[in-house]
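Student: Numbers in the working numbering are just positions in the sequence shown, counted from 1, shifted up by 1. Take this structure, written in structure tokens, and hold onto it; I'll ask about it next.
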Amino acid sequence: MNSILKPRHRKLVPVAGLVVCGIAAALHLRADPVGELSRRLQDPDAQVRYRAAKQLEELGPNAHAAVDVLAGSVSDDDPKVRYRSAKALSKMGELAAAAVPSLTEGLKDSDREVRYYCAKSLYKIGEAAEPARDAVVAALADTDPEVRCYLVKALSKIGEEHQPSMQAVEKLLQDPNQEVRKAAKDALEDMQD
2 MNSILKPRHR KLVPVAGLVV CGIAAALHLR ADPVGELSRR LQDPDAQVRY RAAKQLEELG
62 PNAHAAVDVL AGSVSDDDPK VRYRSAKALS KMGELAAAAV PSLTEGLKDS DREVRYYCAK
122 SLYKIGEAAE PARDAVVAAL ADTDPEVRCY LVKALSKIGE EHQPSMQAVE KLLQDPNQEV
182 RKAAKDALED MQD
């Protein structure tokens, strides 16, 4: 049978097929990206879960329908999936309020990145993170200064007029890290307004 394609173009047929498949997959993902990425967060392959969390992070507040599945992924077996899920939640602000219990647990994680993004998420959630207040106060002993900074910032939103929170932040005015001391000073001003 004679082909309409010249011999030099015939070798491009498999590549064109892959391109068409890729476009079809992208169109499917575009139809319900959050739903599809949420399903991928439950894939047995940690790399697939990580990439799904990263893509949800890139969608920011537009991925708020995935808050529950991201909250569950904060306790994933893989630390990269845990931190990326917490980071995705940090991009959603108040829309991630349903994740407060998972983020609170994440403050005890052995991985520094997970603790950092859990603290940052609680700060971004703001007043709705108030149920985490006691855990945030307890976590102020974290060894990482960047984690402590976000914990202090979170308390500035959820620890107003709460004496134990204010006392804990006052102690950080003596922290060895300058950024933590500045965050504590700013937080106390916010808490006393």
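Don't be surprised by glycine CBs; every beta carbon is placed ideally from N, CA and C.
Could you tell me the alpha carbon to alpha carbon distance between Gly107 and Gly94, rounded to whole angstroms?
Tutor: Rounded to whole angstroms, Gly107 to Gly94 spans 17 Å at the Cα level.
Student: Whose C-alpha, out of Gly73, Asp191, Ala53, Glu147, is nearest the C-alpha of Gly127?
Tutor: The shortest Cα separation from Gly127 among Gly73, Asp191, Ala53, Glu147 belongs to Asp191.
Student: Where does His65 sit, in a helix, a strand or coil, going by DSSP?
Tutor: Helix at His65.
Student: For Asp112, which residues from the same chain have a beta carbon less than 7 Å from its beta carbon, with the 5 sequence-adjacent residues on both sides left out?
Tutor: These residues qualify, in order along the chain: Pro80, Arg83, Tyr84.
Student: Below 8 Å between beta carbons: does that hold for Ala133 and Leu104?
Tutor: Yes; because the gap between Cβ atoms is below 8 Å, this pair is in contact.
Student: Under DSSP, the alpha helix (DSSP H) around Thr105 begins and ends at which residues?
Tutor: Run containing Thr105: 101-107, per the alpha helix (DSSP H) assignment.
Student: Measuring only the C-alpha atoms, how far is Ala97 from Val181?
Tutor: Taking the straight line joining both Cα atoms gives about 25 Å.
Student: Which residue marks the beginning of the alpha helix (DSSP H) containing Ala53, and which one marks its end?
Tutor: Unbroken alpha helix (DSSP H) run through Ala53: 47-60.
Student: Out of Pro102, Thr144, Lys125, which one is the CA nearest neighbour of Asp135?
Tutor: Ranking Pro102, Thr144, Lys125 by Cα distance to Asp135 puts Pro102 first.
Student: In terms of residue numbering, what span does the alpha helix (DSSP H) encompassing Lys121 cover?
Tutor: Element bounds for Lys121: 113-126.
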